[in-house]
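Under my numbering, the first residue of the sequence shown is numbered 2, with each subsequent residue one higher.
We treat Cβ as the ideally placed atom computed from N, Cα and C, and that holds for glycine.
Keep in mind the model is a prediction, meaning the values are calculated, not measured.
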Amino acid sequence: MRKSSQGGRRVSQPLRLDADELKGSSSRRTLDRRTSGIPQPRGRSSSEHRDGRMSALPPMKRSKSQLNVFTTPASGSTTPIRGLQLGPTGSAQSQRYSFSDGGRSSRKSTFSGVGGGKPGRVTKDTRPLSDKSFQQLEIQKITSFLHVQPDALTFAPKGINLRQLTMKLFVDLVDYLMSFIDESININMTNYVTEIPLIMKRWGYLGNINSSWLKTVNTPHAFPYVVGLLSWLTTLALAGEQTDYEACIQDALQNGDDGADDESFVYGNAAIYITHLMKQYKLWNAKDEAGEEKEEREFILAICNRNNVSDSEMRKVAESVNALEIQLNCPKEKAELEAAQEEERKYNEFLKDYNSVLNYKVGMEEYLNTAETMLEEEKLKLQREEETLRNIQNSILELKALLSNQTMTVEERDELLRSLNELNSAIRENEEYIAVVSNQCYADDLELVKKSSNMKKKTQAYNTVIIKESCWFPELEALKNDTNVLHQGADSELAELDSCSRKMQADIEDKHNKLFSDVKLLKDEFSQVCVVHNRVFTNR
Numbered sequence: 002m003r004k005s006s007q008g009g010r011r012v013s014q015p016l017r018l019d020a021d022e023l024k025g026s027s028s029r030r031t032l033d034r035r036t037s038g039i040p041q042p043r044g045r046s047s048s049e050h051r052d053g054r055m056s057a058l059p060p061m062k063r064s065k066s067q068l069n070v071f072t073t074p075a076s077g078s079t080t081p082i083r084g085l086q087l088g089p090t091g092s093a094q095s096q097r098y099s100f101s102d103g104g105r106s107s108r109k110s111t112f113s114g115v116g117g118g119k120p121g122r123v124t125k126d127t128r129p130l131s132d133k134s135f136q137q138l139e140i141q142k143i144t145s146f147l148h149v150q151p152d153a154l155t156f157a158p159k160g161i162n163l164r165q166l167t168m169k170l171f172v173d174l175v176d177y178l179m180s181f182i183d184e185s186i187n188i189n190m191t192n193y194v195t196e197i198p199l200i201m202k203r204w205g206y207l208g209n210i211n212s213s214w215l216k217t218v219n220t221p222h223a224f225p226y227v228v229g230l231l232s233w234l235t236t237l238a239l240a241g242e243q244t245d246y247e248a249c250i251q252d253a254l255q256n257g258d259d260g261a262d263d264e265s266f267v268y269g270n271a272a273i274y275i276t277h278l279m280k281q282y283k284l285w286n287a288k289d290e291a292g293e294e295k296e297e298r299e300f301i302l303a304i305c306n307r308n309n310v311s312d313s314e315m316r317k318v319a320e321s322v323n324a325l326e327i328q329l330n331c332p333k334e335k336a337e338l339e340a341a342q343e344e345e346r347k348y349n350e351f352l353k354d355y356n357s358v359l360n361y362k363v364g365m366e367e368y369l370n371t372a373e374t375m376l377e378e379e380k381l382k383l384q385r386e387e388e389t390l391r392n393i394q395n396s397i398l399e400l401k402a403l404l405s406n407q408t409m410t411v412e413e414r415d416e417l418l419r420s421l422n423e424l425n426s427a428i429r430e431n432e433e434y435i436a437v438v439s440n441q442c443y444a445d446d447l448e449l450v451k452k453s454s455n456m457k458k459k460t461q462a463y464n465t466v467i468i469k470e471s472c473w474f475p476e477l478e479a480l481k482n483d484t485n486v487l488h489q490g491a492d493s494e495l496a497e498l499d500s501c502s503r504k505m506q507a508d509i510e511d512k513h514n515k516l517f518s519d520v521k522l523l524k525d526e527f528s529q530v531c532v533v534h535n536r537v538f539t540n541r
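Right under this line is the structure:
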């Protein structure tokens, strides 16, 4: 059985459907009103030790702050100046400036956070570090700066050649150049791989800093990055060397309004504290704790004299402070403070939960509005599909009626199929016979063409012989006139030649008549061949 165009087999039996199969549902299943279409929150914990609100919080992110890094604790007597608040307000980086090596910050470390830029902005280093001429200029700048420094020869007594840079020399150069900005930084062979990237990132360096080339600074592929880092630090060291920070602060204090009182300070203008703090900061960097305590006592005495505070008043203040410390250390006060803090924490949590519920309510209202719109759209879509289903069912009923009212029986159909198969077989046989006859006619045509070609060749050969025979005869040798007319007897020779020419002319006329009759016979034969050829062509 033949296959259809879809690849399946043709079915000789007509489609017949039962009455039960035509019965289809004209409506869809109604929605279950017991279940809601609104997405409900899941994964709520029923444990009393688990806060259910935590399931709705976003995933935690790793903090970039340096909270867990060891720092030098401040002494109880002084409060040293920390780094300037140059970062964004409220960020951890703007509130803490710590050092991973545990050292003290210097007077220049207040500017160590400059260059960080806006958070989130990614800027690449645009310097042509791979350019040989650029490298040569930067090397010359670095060496020129180091040669004028008197203490640069302490770690390179034989001179500095960046082309033959060793690992220790690189570490010493980085530590020396960073000391112009922050004297407390200590870069050595044990911590340079981790400390240099952290410090340079904090300082806003845009170049490539990674451990892969920091561990192999004396290789060709790391040389451009080494030159770029040392050049950047040299530029920064030049700026730090040419800047007198104390002079800048003193100049700012002199230009300020020293006579006006600052409302944020109880004891007058805040500018009087700057000199004291700068002195304390120097002593703190020098780790002179005794000097710090002495300077603080002298400063407090000067403040008391300036504000006419007597010793008795100071003792009263000290006693009040002690009483307050005792009160703060009292277990009852601590318990009350902790209880107040706990109540505040709960209030904040409840307020957060209340805001979350409000937000959830707003979201649910928006979702309900969207769900109602989607429900109306689905209803319209359902109506269209039901209309399509009814049309299909009507078409099936019409087809079933047509099949039930058909006039041809199964036997008649089988007989018709048998006759159709016989006709198809006869058609195939006739097509095969026509193909055989066509092949035979084609072979006869080839044979006729071959015979016609041979006939043409023979005719051309015959014509060639005739032309040759007509152009030359042996009897013409006798007609050659070699007679000397001046000789006696020339008349008889000429008369003999004339008789020979007349005889030859008669022979030629006979041969011409014979050839003409032969040509006529050949023409008759050719006409018969053409008749046969036309008859064969007509039959084909």
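- For the alpha helix (DSSP H) assignment, the uninterrupted runs of no fewer than 4 residues enclosed by the stretch 142-202 are, from N- to C-terminal side, 168-179.
- Look at W285 here: in three-state DSSP terms it is helix.
- Comparing alpha-carbon positions, the option among M168, Q136, L138 and L174 lying closest to D152 turns out to be L174.
- Between V149 and E326, the alpha-carbon positions lie close to 56 angstroms from each other.
- Fewer than three pairs of CB atoms, one per stretch, sit closer than 8 angstroms, so the stretch 184-193 makes no contact with the stretch 128-144.
- Assignment of Y348 by DSSP, reduced to helix, strand and coil, places it in the helix class.
- Rounded to the nearest angstrom, the gap between the Cα atoms of L447 and S420 is 40 angstroms.
- In this structure, F146 sits near A238, with a CB-CB distance shorter than 8 angstroms.
- For the pair Q328 and E334, the CB atoms are nearer than the 8 angstroms cut-off.
- Burial state of V533 is exposed, judged by a 10 Å Cβ sphere holding fewer than 16 other Cβ atoms.
- With contacts defined as CB atoms closer than 8 angstroms, L170 and V228 fail to qualify as a contacting pair.
- For the stretch 365-409, there is no continuous alpha helix (DSSP H) assignment of 4+ residues that stays within its boundaries.
- Under the three-state reduction of DSSP output, Y443 falls in the helix class.
- Only residues of its own chain outside the window of five on either side were considered, and among them V194 have a CB closer than 6 angstroms to the CB of L215, listed in chain order.
- Comparing alpha-carbon positions, the option among L166, M168, T167 and I197 lying closest to S180 turns out to be I197.
- Residue environment analysis places V218 among the buried positions, since at least 16 neighbouring C-beta atoms fall within 10 angstroms of its C-beta.
- Residue environment: S232 is assigned as buried (16 or more neighbouring CB atoms within 10 Å of its CB, all protein chains considered).
- Shown here, W233 sits in a helix according to DSSP, grouped into three states.
- Cβ-Cβ distances below 7 angstroms link Y206 to W233 in the same chain, with the five nearest sequence neighbours on each side left out; the list follows chain order.
- Taking C-beta atoms under 8 angstroms as the contact rule, T235 and K142 qualify, at a distance of about 6 angstroms.
- When secondary structure is reduced to three states using DSSP, C249 falls in the helix class.
- Of the residues assessed, P332 falls on the exposed side of the cut-off, its CB having fewer than 16 other CB atoms within 10 angstroms.
- DSSP, reduced to helix, strand and coil, places C331 outside both helices and strands of the structure shown, so it counts as coil.
- N209 sits in coil when the DSSP states are folded into three classes, being neither helix nor strand.
- Excluding its 5 nearest sequence neighbours in each direction, Y226 has C-beta neighbours in its own chain below 6 angstroms: N209 and W214, listed in chain order.
- In terms of Cα proximity to Q136, the closest of S212, E299, G160 and A223 is A223.
- With a cutoff of 8 angstroms on beta-carbon distance, D445 and V530 are scored as not near each other.
- With respect to Q281, E293 sits close: the two C-beta atoms are nearer than 8 angstroms.
- Assigned with DSSP and collapsed to three states, T244 falls in coil, not helix or strand.
- Residue range E290 to R307 is occupied by the alpha helix (DSSP H) that includes L302.
- DSSP places V411 in the helix class (H, G or I) of the three-state scheme.
- In its chain, beyond the 5 residues on either side, L207 and G208 have a beta carbon closer than 6 angstroms to the beta carbon of D126.
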